[in-house]
Structures are given as structure tokens and as C-alpha cells.
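Numbering follows this note's numbering, in which position 15 of the sequence shown is assigned residue number 17; successive positions increment by one, without gaps.
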Amino acid sequence: MRKSSRHLMFLLPLVLLSAAPALAEVQLPLRKAGLWDVKVDHEGGRMPGVAVQQCTSEAVDREFTSDFAPSARQNCSKADVQKTATGYVMDSVCTMGGTTVTSHAEATGDFDSAYTVKVAARSKGGKFGDRNSKITIAAKWVGPCKEGQTPGDVVMPGGFKMNMRDFEKFKSMAPH
Numbered sequence: 003m004r005k006s007s008r009h010l011m012f013l014l015p016l017v018l019l020s021a022a023p024a025l026a027e028v029q030l031p032l033r034k035a036g037l038w039d040v041k042v043d044h045e046g047g048r049m050p051g052v053a054v055q056q057c058t059s060e061a062v063d064r065e066f067t068s069d070f071a072p073s074a075r076q077n078c079s080k081a082d083v084q085k086t087a088t089g090y091v092m093d094s095v096c097t098m099g100g101t102t103v104t105s106h107a108e109a110t111g112d113f114d115s116a117y118t119v120k121v122a123a124r125s126k127g128g129k130f131g132d133r134n135s136k137i138t139i140a141a142k143w144v145g146p147c148k149e150g151q152t153p154g155d156v157v158m159p160g161g162f163k164m165n166m167r168d169f170e171k172f173k174s175m176a177p178h
């Protein structure tokens, strides 16, 4: 799989998770401002795990959520978020590019020092056919953003840096 495809696969769960609360009555908490170490592991070894650093702020998290809400409303027939005793449960059914993805995610943690999101998804149709996947996103707050970083910056493996506010650029990285 191309490096840019792995980057897009990392971003997809974050996009879906930030879109879901905008469609539901329950709002996920915003992350503490600063630098987060984020590790994404794919169960079953189809794709290698990815570790990134993301600089965020309350304003960027709010902006990111609201930017994706209209897209999610168009593409998702279901986007439910429920508060539980230990965190949040999110269920969604979204269709993009001829592929329908049904996902169940459980988020735990305080969003100030650490959080974990476990996602089980089933994809049907599209280029790649039917697939099941399990992804674990584990994030830990490490302190203030580094010098030269601005909220929204994501530093990928190998030092590749992009800003979430430039999402249109991410679309061009997707395989056609």
C-alpha cells in the first residue's frame, strides 16, 4: 500500500469520529490543547501501525468537528453517539465512493491526558469489496505544541507534516 494511502487510512477514523458528534445529541469532549501522541493499530496486520503527533487547540477541535458535519449528514444514514459510564459509544453507517461502512466505536479516557478509541468496521462494496477491520487509536497528551507547530498540525512518520485545516489537500492524496 502506498505511503499516502496509509496516511489517509489513519485520517479516516478521526474524520468519522469528529463527524459523528455533530450529528448526535451527545457531544464528545474536546481534547486538551497541546501536543498529542496518537498511535493507530490495525488488528490482523493488514496495515502496519502508525504513530503521529498532533498539535491541537480547542478552536481547532471545534472547527474540525463543524467542518465535517455537513459532509457526514450527506454521507451517513446513521451517526449515533451515546454517553456510557466509562466513555462514549458511537455507531455509524456511511457511504463514500460506493462503499458502505458500518462502524461501532468505543471511546474511553478523559481527553485531557489520554484516551483510547476502539473501532470495529465492516465495509461493503466499492473497489476493495467486503472487509472487516478493527482499529485501536490510543492518544496521550505530551505537553505544549513544539516550537514552529500550529494547532491542526499532524506530524506523520518520516517527518511529513500537514495541517488538518488543509483537508482539501488530503483528498488529493487518496488513490483514484
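Glycine residues also receive a C-beta, built at the ideal position from the N, C-alpha and C atoms.
Per-residue DSSP class, three states only, for residue i
i	result
R33	coil
E45	coil
D39	strand
A116	strand
E108	strand
Q55	strand
Where the beta strand (DSSP E) containing residue i begins and where it ends
i	result
M164	K163 to N165
G145	R133 to G145
G89	G89 to M98
Q84	C78 to K85
CB contact check: residue i to chain D, cutoff 8 Å
i	result
W38	The chain labelled as chain D is not found in the depicted structure, where only one protein chain is given.
8 Å Cβ cutoff met for residue i and residue j
i	j	result
G145	L32	no
H44	I139	no
G154	R167	yes
K142	A116	yes
Identity of the residue in the options nearest residue i by Cα
i	options	result
V95	D82, T88 and G89	D82
H180	V91, Q29 and M98	Outside the displayed span of the chain (3 to 178) sits residue 180, for which this structure offers no information.
Segment contact, 8 Å Cβ cut-off, at least three pairs: the segment 41–57 with the segment 75–84:
no
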